[in-house]
Amino acid sequence: MPHDTAIPDAPDAADLALIEAHIRDVPDFPHPGILFKDITPLLNEPGAFSVAVRALAAPFLGSGIDHVVGLEARGFIFGAPVAMALGAGFVPARKAGKLPSDTIDQAYDLEYGTATVEIHSDAITPGGRVLIVDDVLATGGTGRAAVDLVRKAGGTVVGFSVLMELSALRGREKMPDVEPRTLLSV
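Residue 1 is where the sequence shown starts when you use the numbering used here, and the numbers rise one by one after that.
Right, here's the structure in full:
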């Protein structure tokens, strides 16, 4: 049975400003014309990182979360401490072929092809309450696949908590049945 640990109230404007101040813009990475949002300064500053984890977890305190699914790779960085804060188990959702035991998978579309995300087949308790965590919501393909994968595993998606949303890419439109909670929208 999960048990939430004490986390202060939801983030205020100062908390969100602190998080945003620790995300670096990198022009033309990984390709010309792309403005990459680099979270490594946030991860390197314990106070700001702690505020981000608290802010991702806070809306789900008292929700009886059994499992937190973190999406490869940066969703692992935020998902594991969110799981600890909520007293829940952590489930890594990985690219195909990366998990060592029996898996279930969900394919999703990319701009030029498809990809697959998987979890261990025994990772989610049937009927378990699941929070999905990731660093960025962009086109919504990975997020949609994660929602479908959790349901395929017999879990109930309680929420989707995201550090940053690239709103121009309209990813939340792929998840009309799950309201993503994002800390920052850029």
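Where a beta carbon is used, it is the ideal one built from N, C-alpha and C, also for glycine.
Do you know offhand how far residue i's Cα is from residue j's?
| i | j | result |
| --- | --- | --- |
| residue 111 | residue 17 | 33 Å |
| residue 108 | residue 150 | 14 Å |
| residue 177 | residue 137 | 15 Å |
| residue 127 | residue 29 | 41 Å |
| residue 27 | residue 114 | 27 Å |
| residue 99 | residue 72 | 12 Å |
| residue 167 | residue 186 | 6 Å |
| residue 106 | residue 33 | 31 Å |
| residue 120 | residue 145 | 15 Å |
| residue 60 | residue 88 | 11 Å |
Taking DSSP as the reference, what is the three-state secondary structure of residue i?
| i | result |
| --- | --- |
| residue 43 | helix |
| residue 156 | strand |
| residue 140 | coil |
| residue 3 | Its pLDDT being 45, under 50, residue 3 is placed unreliably by the model, and the measurement read from it follows with that caveat. Of the three classes helix, strand and coil, the one that applies to residue 3 here is coil, per DSSP. |
| residue 100 | coil |
| residue 92 | strand |
| residue 186 | coil |
| residue 187 | Here the chain has residues from 1 to 186 only, and residue 187 is not among them. |
| residue 11 | coil |
| residue 84 | helix |
| residue 123 | coil |
Can you tell me the Cβ-Cβ gap for residue i and residue j, rounded? I've got them flagged as a contact below 8 Å.
| i | j | result |
| --- | --- | --- |
| residue 130 | residue 162 | Actually they are not in contact, since the Cβ atoms of residue 130 and residue 162 sit about 15 Å apart, beyond 8 Å. |
| residue 81 | residue 53 | 5 Å |
| residue 93 | residue 70 | 7 Å |
| residue 57 | residue 85 | 4 Å |
Cβ atoms of residue j and residue i: under 8 Å apart, would you say?
| i | j | result |
| --- | --- | --- |
| residue 95 | residue 117 | yes |
| residue 67 | residue 104 | no |
| residue 42 | residue 65 | no |
| residue 23 | residue 38 | yes |
| residue 135 | residue 172 | no |
| residue 175 | residue 133 | no |
| residue 180 | residue 143 | yes |
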